[in-house]
Amino acid sequence: MEAIKDTFTKSKKKKVKAVHQKVKVFRVHDPKMAVLMWGVTHSVSQLSHVPQQVMLLKDDFKAYSKIKIDNHFYNKEHMPGHFKFKEYMPLVFRNLRERFAIDEKLYAASFLIQPQLSKAQGNSGAKFLLTTDKRFYIKTLQSVEVEMMHHIMPSYHRYIVESHSDTLLPQYLGMYRTTLDNKEYYYLVVRSVFSCKKKVQKKYDLKGSRIDREAKDSEKDKESVTFKDNDFTKENARIFIGAEQKEKFKDRLTKDVNFLSGLNIMDYSLLVGIHDTEHVDSSEPEDEQDGEGPDGGTTGDESGDGLEEPASPTTDGETSAATPETLAARRQRYSRTESVSSSDGYESEYFALPSSDESLHSVYYMGIIDVLTYYGATKKAAHAAKTVKHGAGAEISTVKPHLYATRFLEFMDSVME
């Protein structure tokens, strides 16, 4: 165990010096994303040399790996020459990725092309990015949310183990901090609820509350709109999954909600995406070998600009930093690895349930999102203010966790058949 700890504490002391070697740099429009992408692939590479543990220890939930890069040979327009990268709880998140059947090489490969900014935005101002293979969301965090993640992670991991990963909770896969120009940025990687292959034609964010739970009129005509509870009710919408699937889904949902309530968490949602199986528009990911990057430029191995970078910033210690290899070469290598859930069948898609009504030609994608809201002093004050404004009987979203859980489950039961 001591050797494992040394692996992650040693990187704090690394003093990196540049070794200039001509290698093509991978192209990223946003320097912040370049650092994150490099950091994730570096981390996966480093972790591949660390033996798997039989069980995690308490200290693993406090551990981190950290590296500082000072390399004047980088072209700062594409890859900054000075930055820091930190991964929180690396062994814990690697264990979670394994439990969620996510291959390490595929995970790293998802960060070889710049993630695209999603049109979705959190209430706290958080931004969401989606990897180009559409498998993972990257959420920007505030430092207080990083603290919250540290607080819930031991319980979350234990719950995932005990439930054998059979859960609708968000699948947390990695948490990182990057430092660039003396500014810190925090990121959380989560598995997407929706399919990476099938297009979702309609989305709902359901909480079981009524106050301020309607999509804005200015957004309703947009393809990216996410409808809410009042929209769902006005449409007399229902989720048709059949009696047997409903009972299984309710059982899983109830266990998850009770877990969140036990952590004093509320204000979460059930995200529902509906795919029309007869819809001709497919959202199959573009071929990553030949497709366009998110900034409109081509990806892969380009030539003609003379842009070069050092192959590897190396250290004075025994361990060298991971090489930021040529993007095209890495992508070609990783693309040979098949996902454990790569078949076209819906049964292989984690959050998918086919409609019990064959005439609807629908597949539902459903998962719980936004589970980092703790019912503390701030939410208690918000509850009091909203109660005064809307009345004691109003169905506001800010209520005590056990009341929120009860109302949430009752609403979901009422809309499923």
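In UniProt numbering, the protein residues as written are 1 to 417. Glycine included, C-beta positions come from ideal geometry on N, C-alpha and C. Computed from a prediction, not measured in an experiment: that's the story for all the values here.
Put simply, the backbone Cα of M148 is about 43 Å away from that of E358. Under the DSSP definition of a beta bridge, M366 partners with V272. According to the DSSP secondary-structure assignment, V189 is paired through a beta bridge with I138, G174. Secondary structure note for D413: its alpha helix (DSSP H) is the uninterrupted segment 401-415. For P90, DSSP records no beta bridge to any residue. When the beta-carbon positions are compared, G367 and V193 come within less than 7 Å of each other.
DSSP lists E87 as the bridge partner or partners of S65. When DSSP reads this structure, H82 sits in a beta bridge with D70. Using a Cβ-Cβ distance cut-off of 8 Å, the region 247-257 and the region 199-216 are not in contact, since fewer than three pairs of beta carbons, one from each stretch, lie closer than that value. When only Cα atoms are considered, S110 and R238 end up about 35 Å apart. Between the region 89-96 and the region 171-191 there are three or more C-beta pairs closer than 8 Å, enough to call the two in contact.
In the three-state reduction of the DSSP assignment, L353 falls in the strand class. P115 is positioned such that its CB atom lies no closer than 7 Å to that of L180.
Cβ neighbours of D205 within its own chain (closer than 7 Å, five residues either side excluded): T226, K228, S269, L271.
The Cβ atoms of V190 and A405 do not sit closer than 7 Å to each other. Proximity to V44 across K62, Y176, V200, K197 peaks at Y176, based on C-alpha coordinates. Excluding its 5 nearest sequence neighbours in each direction, K127 has C-beta neighbours in its own chain below 6 Å: T140, listed in chain order.
By the 16-neighbour rule on beta-carbons within 10 angstroms, R97 is buried. Residue nearest to Y137 within the set V144, K119, H151 is K119 (criterion: CA-CA distance). Taking the Cα positions, L168 is about 7 Å away from F351. Under DSSP, T179 takes part in a beta bridge, and its partners are K84, E184.
Pairing T41 with A108, the inter-Cα distance amounts to about 5 Å. Partner residues in the beta bridge of L206, as assigned by DSSP, are L270.
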